[in-house]
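In the working numbering, the protein residues as written are 3 to 363.
All residues carry an ideal CB built from backbone N, CA and C; glycine is no exception.
Note that this is a predicted model, so its numbers are computed, not measured.
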């Protein structure tokens, strides 16, 4: 990257699960009671910029935050307490609120271009807005997108929810089943990649998913028609040309990741990192801690392979993002150990952008 990298935040966090909503309400009640919550970072952008300030002193330029109503942020304002309810967030989701917010991100990215950018955010659906802006600027045939994620993020809720029990068991989940069922298949963090493919924002052969844990092949035939539908849907995206490599293949270091990335043919690449790819083994500070992700060193090795593939192909990295960090756990003590989500996120950024300061300890 030859130009200064624009760094901005995108703090949308509209999850309606009861436990997620109660975390926000407990935070607001603690604030109202005068509790000292330091460090009180309002979103991951603030957290990473504060924990690793040297990361952004050389080739980066802070560009602020995309405008988001405070009640939709990870840490709302005290006056937002009446709005912070599961019903309100569910209504926001079902009204396609994530799509509307992703359009704001697209506008923010357009204002940054042609400079490369780094988005530090929460809800992964906002990556779709960044990719839309890049596709409009460069053309969909000119862009490859590499997504490091534990989840495929491509299937609608009416397909995925009926197979959640099997999915969570196969992914090594430590969480219970989701409690919420939705009335429509809105655009969101669980299916945004399916939307951008259908809209031809990017082409299937230029999408590379790395580290997924919800890959269904090898499952025993249970006779469950919902699982059969899920497997058929997965076969469909593979037949369309989407490139997918599982967490197990990545961690085996068998060369499959390098071979897959060697097929990149576009002049530009965008990299998106969902921090749940390291859930539990690297950090607990993720919104969807429902799978066992990569160990920290495996995660770094994977990111280095991605950076080397981009450099060896001599393509332009036009942007990247770091998404799904949870400010309610990052930097705090969990089971006797301080979570290192901010430090790990900073290390990932520094590895993908080698002109930055060395990774933090």
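Quiz item: Below 8 Å, can you find three or more Cβ-Cβ pairs linking the segment 126-146 to the segment 211-219?
Solution: A contact between stretches requires three or more CB pairs, one per stretch, nearer than 8 Å, and the segment 126-146 fails this requirement with the segment 211-219.
Quiz item: Which same chain residues, not among the five before or five after residue 181, have their C-beta less than 6 Å away from its C-beta?
Solution: Below a pLDDT of 50, predicted positions are generally treated as unreliable, and residue 181, at 49, falls in that range; no measurement from the model is reported.
Quiz item: Which term fits residue 227, buried or exposed, when burial requires 16 or more other beta carbons within 10 angstroms of its beta carbon?
Solution: Taking a 10 Å sphere around the C-beta of residue 227, we find fewer than 16 other C-beta atoms and assign the residue as exposed.
Quiz item: Which parts of the segment 105-158 are runs of the alpha helix (DSSP H), unbroken and 4 residues or longer, counting only runs that do not cross its ends?
Solution: Taking only runs of at least 4 residues, the alpha helix (DSSP H) segments lying wholly in the segment 105-158 are 128-140.
Quiz item: Since residue 70 contacts residue 103 with CB under 8 Å, what's their CB separation in whole angstroms?
Solution: With a Cβ gap of about 6 Å, residue 70 and residue 103 count as contacting.
Quiz item: In the DSSP assignment, what are the bridge partners of residue 214?
Solution: Its beta-bridge partners are 248.
Quiz prompt | Unbroken stretches of the alpha helix (DSSP H), 4 residues or longer, contained in the segment 274-346 | solution = Entirely contained in the segment 274-346, the alpha helix (DSSP H) runs reaching 4 residues are, in chain order, 298-315.
Exercise. Please go through the same chain and pick out, in chain order, the residues whose beta-carbon is closer than 7 Å to the beta-carbon of residue 98, but skip the five residues on each side of it.
Key: Hits under 7 Å: 188, 189.
Self-check item: residue 21 versus 290, 304, 341, residue with shortest Cα-Cα distance
Solution: Answer by Cα proximity: 290.
Quiz item: Under three-state DSSP, which class holds residue 11?
Solution: In the structure shown, residue 11 sits in a strand (DSSP, three-state: E or B).
Quiz item: Going by the CB atoms, is the gap between residue 268 and residue 305 shorter than 8 Å?
Solution: It is not a contact, given that the beta carbons lie outside the stated cut-off.
Practice problem: Would you kindly report the start and end of the unbroken beta strand (DSSP E) that includes residue 63? | Solution: Its beta strand (DSSP E) spans residues 62-67.
Quiz prompt | 6 Å Cβ shell around residue 258 - same chain, five flanking residues per side excluded | solution = Only 247, 251 meet the Cβ criterion.
Quiz prompt | Alpha-carbon spacing of residue 134 relative to residue 80, whole angstroms | solution = Our two residues, residue 134 and residue 80, have alpha carbons roughly 34 Å apart in a direct line.
Quiz item: Where residue 242 and residue 323 are concerned, what is the direct C-alpha to C-alpha distance, given to the nearest angstrom?
Solution: Residue 242 and residue 323 have their C-alpha atoms some 25 Å from each other.
Quiz item: Under the three-state reduction of DSSP, which class applies to residue 236: helix, strand or coil?
Solution: Residue 236 falls in the helix class under three-state DSSP.
Quiz item: Just how far apart, CA to CA, sit residue 93 and residue 24?
Solution: Taking the CA atoms as reference points, residue 93 sits about 17 Å from residue 24.
Exercise. Alpha carbon to alpha carbon, how far is residue 37 from residue 197? Give it in angstroms, no decimals.
Key: Going from the Cα of residue 197 to the Cα of residue 37 covers about 42 Å.
Quiz item: Based on the DSSP output, what are the partners of residue 33 in its beta bridges?
Solution: Bridge partners of residue 33: none, in fact.
Quiz item: How about residue 277 and residue 285: do their beta carbons lie closer than 8 Å?
Solution: Contact annotation: residue 277 and residue 285 have beta-carbon atoms nearer than 8 Å.
Self-check item: Spatially closest choice to residue 143 from 272, 82, 260, 161, by CA coordinates
Solution: By alpha-carbon distance to residue 143, the top candidate from 272, 82, 260, 161 is 272.
Exercise. Can you check DSSP and say which residues form a bridge with residue 209?
Key: Partner(s): 147.
Quiz item: Alpha carbon to alpha carbon, what distance is there between residue 230 and residue 58?
Solution: Between the alpha carbons of residue 58 and residue 230 lies a distance of about 47 Å.
Exercise. Pull up the CB-CB distance for residue 145 and residue 204, whole angstroms please, since I reckon it's below 8 Å.
Key: Rounded, the Cβ-Cβ distance is 6 Å, consistent with contact.
Quiz item: In the structure shown, what three-state DSSP assignment does residue 184 receive?
Solution: DSSP places residue 184 in coil when its eight states are reduced to three.
Exercise. Starting from residue 5, follow the alpha helix (DSSP H) in both directions and report where the run begins and ends.
Key: Segment: none, residue 5 is in no alpha helix (DSSP H) and carries neither H nor E.
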